[in-house]
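Below is one structure; the comments refer to it alone.
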Amino acid sequence: MKLNYKGLFLLLVICIQANVFAQQKRPNIVWITSEDNSANWYRLYNPEHGAPMPNVEKLAEGGLVFNHAYSNAPVCSAARSTIISGVYAPKTGVHFHRPQQKVHMPQGLKMFPKYLREAGYYTTNNSKQDYNFTKEEVKGVWDESSKKATFRNRKPDQPFFHVQNFYDTHESQMFGPLKSHVEDISATANVELFPYHPDTPLFREKHAQYISLNHHVDKKIGSIVKQLEEDGLLDDTFIFHYGDHGGVLPGGKGYAHNDGLQVAMVVYVPENWKHLAPAPKGSRIDGFVEFIDLSATVLNLAGLPIPEQIDGQPFLGDNVKLEELNKRDEAFGYADRFDEKYDMVRFLRKGKFSYWRSYQPFNFDGLHNFYRYKQPAFREWRDMAKKGELDEVQEAFYRARLPEQLYDLENDPHEVNNLANDPAYKKVLLEMRKIMQDRVKGMPDLSFFPEPTFLKLSSGDGVAFGKENKAQINKLIDLADVQLLPYKKAKKKIQKALASEEAMERYWALINCSAYGKEASEFYDIAKQMAVQDPDLLVRTRATEFLGLTDAVDPKPLILDILDQCKDPIETNFVLNTVVLLVDAKGMRLELETIEKAKWSKFEGLVPRRVEYLVNKATKSL
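Residue numbers (mature numbering (1 follows the signal peptide of the UniProt record, and there is no 0)): -22 to -1, 1 to 600.
Below, the structure written as structure tokens:
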């Protein structure tokens, strides 16, 4: 039999061309992220007072600006873990920053760049990861993840997904003066302080400094765009720019407020793929987008299926219509442990309103946090609070919160005028409350188990744990929402929960007591018994907290006894949050000798940060 070499050659050429076409028919995607900067730092969002960022503004001219873009968490690891998984962090157990014990991805779900890589994309990350998932989950996700990673190392004509992270606007850049290599544009900066900040030379200096830092990072963004232009890739590459969450002056980063969550989101639309954009270039989109949507969006742009476990929805790509996109009017956020400092706040924006649900309202925002207070502005704010030099709005950062807060962002963008108790907004409040309840129950939200308990019981699989315990979690959510009732209606529910055989019900009943404060004084006697006798150490902690915050007893001997029984650094750090709360809110002091001799003070992890603070307090260094 004669071989038709000419035919075989033609077939080979066709196959090669088909393979090249298959690679070229998918767009390239680049993410350029900056750290800790909310939307109001950009001139693009804040024309009078934002930083001039000509390179980002040029991307906007050739693409889309999303007016309502939100990180789901106000701190790096929880936000980035949400992005890489496409799943809400309190659903998986990655909502604590940073992890004391890492957890697994949901069963059957991969970090989304792995799907791109399996489809032929070259995937690179330069370089921050900061995922709260186990190392095993990251294997095979990136072709390269390092400070040298670049899309230029791919095979010819291979589509790519590249993440470029710039650190220049990170919180740490505010610990000292502006560095010499950064152009100082403070002389031309039109500084407008946020209303919750004191008007001091230091706050004005730091505000202007951050405008300079954003202007500086814009130049770096321009350098990446220039590389793409030099390589002839702009017509085939979607370029996303966003901040990884809000910040960075005190009260932004780390707090589930609008200033901590709303970010810039600009997407350059390549000419050859403009049919995948829901609106013409140069448009501003009013529909809400969130970090939870990023993985679904990238997969949709690449023409890949979106796994059903992903919670987000695409905002670019096939089948995304502008009319539907602009109907999206909700954003959801969460703030839990931030380094050693515990809290539990959930944020909801719907339309022009924002709603904060503080499940532990006594954990006031300004509670000491090791890394936060490296900022001189943070320290000045606290000093002024101690001296009584703040007005009511500025001082609120150092007071217990209300369980519910409601704000009209159109008229109050920095959320200082709480409308929750205004009868004119009762209908809005109840609507937001119901949406929030549905959100946390629907996941279900794993924070209704305290972190030490969750880690002991879950075996690192948060989603499976949530499914198995959904009924109990939803019961705890209902119990936590007893805080929202007038005390007379709440006290019978609290009394019943205090007598429960379930430790977590007793735990939340005591949190409710602390939320009501001295109004719940009828429960002092049972709380005194529980502070000493309850078999659950965390329940004892909450009982002591209630008694100490309301001046019912001297909490020091009770809390020291609890600390002496802590078995690990995770449990110890949890109890130390109550210690520091009692120190900062009530003036409690531990003696230096007591701290130095204690077994608990020798634990590692996050404990040394609390120990250092308590030692400084004992020696009056702070």
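Note that the Cβ used here is the ideal one computed from N, Cα and C, for glycine as well.
- Three or more Cβ pairs closer than 8 Å define a contact, and the region 180 to 199 meets that threshold against the region 31 to 43.
- By DSSP's assignment, methionine 243 forms a beta bridge with Tyr220.
- Contact annotation: the region 62 to 76 touches the region 414 to 424, with at least three C-beta pairs closer than 8 Å.
- In this structure, Leu538 is the residue among Leu538, Tyr494 and Ala493 with its C-alpha nearest to the C-alpha of leucine 515.
- Between the region 97 to 108 and the region 157 to 165, the count of Cβ pairs shorter than 8 Å is below three; the stretches do not touch.
- Alanine 51 sits in coil when the DSSP states are folded into three classes, being neither helix nor strand.
- In the three-state DSSP reduction, asparagine 6 falls in the strand class (E or B).
- With a minimum length of 4 residues, the unbroken runs of alpha helix (DSSP H) contained wholly in the region 36 to 102 fall at 54 to 63, 67 to 70 and 90 to 96.
- By the Cβ rule, the region 253 to 268 counts as touching the region 40 to 49, because three or more pairs are nearer than 8 Å.
- In the three-state reduction of the DSSP assignment, tyrosine 23 falls in the coil class, being assigned neither a helical nor a strand state.
- Residue pairing by DSSP places glycine 311 opposite Phe325 in a beta bridge.
- Going by C-alpha positions, leucine 37 is about 51 Å away from glutamate 523.
- For glutamate 373, the enclosing alpha helix (DSSP H) stretches over residues 370 to 373.
- A residue is called buried once 16 or more other Cβ atoms fall within 10 Å of its Cβ, and histidine 253, having fewer, is exposed.
- In this structure phenylalanine 501 is buried. Its beta-carbon is surrounded by 16 or more other beta-carbon atoms within 10 angstroms.
- Looking at the backbone, the Cα of alanine 475 and that of alanine 521 are separated by about 13 Å.
- With fewer than three CB-CB distances shorter than 8 Å, the region 414 to 421 does not count as touching the region 485 to 502.
- Under the DSSP assignment, phenylalanine 138 falls in the beta strand (DSSP E) whose first and last residues are 138 to 144.
- Note that the C-beta distance between proline 428 and tyrosine 485 is below 8 Å.
- Contact holds between the region 80 to 87 and the region 283 to 290, because three or more Cβ pairs, one in each stretch, are under 8 Å apart.
- Only residues of its own chain outside the window of five on either side were considered, and among them Thr550, Val553, Ala576 and Trp578 have a CB closer than 7 Å to the CB of leucine 541, listed in chain order.
- Under the Cβ criterion (8 Å, minimum of three pairs), the region 372 to 387 counts as touching the region 329 to 342.
- Glutamate 249 and leucine 387 have their C-alpha atoms roughly 35 Å apart.
- Ranked by how close their Cα comes to the Cα of valine 81, the residues Gly98, Ala57, Lys352 and Phe111 have Phe111 in first place.
- The residue from Arg306, Tyr66 and Val510 with its alpha-carbon nearest to that of asparagine 50 is Tyr66.
- Ranked by Cα distance from glutamine 78, the first of Asp108, Asp307 and Glu96 is Asp108.
- It is roughly 25 Å from the alpha-carbon of serine 55 to the alpha-carbon of arginine 357.
- A check of alpha carbon separations from isoleucine 202 across Ile548, Met322, Ser123 and Val141 identifies Val141 as the nearest.
- Where isoleucine 263 is concerned, the enclosing beta strand (DSSP E) starts and stops at 261 to 268.
- Leaving aside the five residues that flank threonine 519 on each side, the residues in its chain whose CB is nearer than 8 Å to its CB run, in chain order, Ile537, Ile540, Phe552, Val553 and Thr556.
- Residue environment: threonine 597 is assigned as exposed (fewer than 16 neighbouring CB atoms within 10 Å of its CB, all protein chains considered).
- When secondary structure is reduced to three states using DSSP, tyrosine 174 falls in the coil class, being assigned neither helix nor strand.
- The DSSP-derived three-state label of tyrosine 385 is strand.
- Taken in chain order, the whole alpha helix (DSSP H) runs of length 4 or more contained in the region 572 to 600 are 585 to 596.
- The alpha-carbon of alanine 257 is positioned some 27 Å away from that of alanine 97.
- Judged by DSSP in its simplified three-state form, tyrosine 188 adopts helix.
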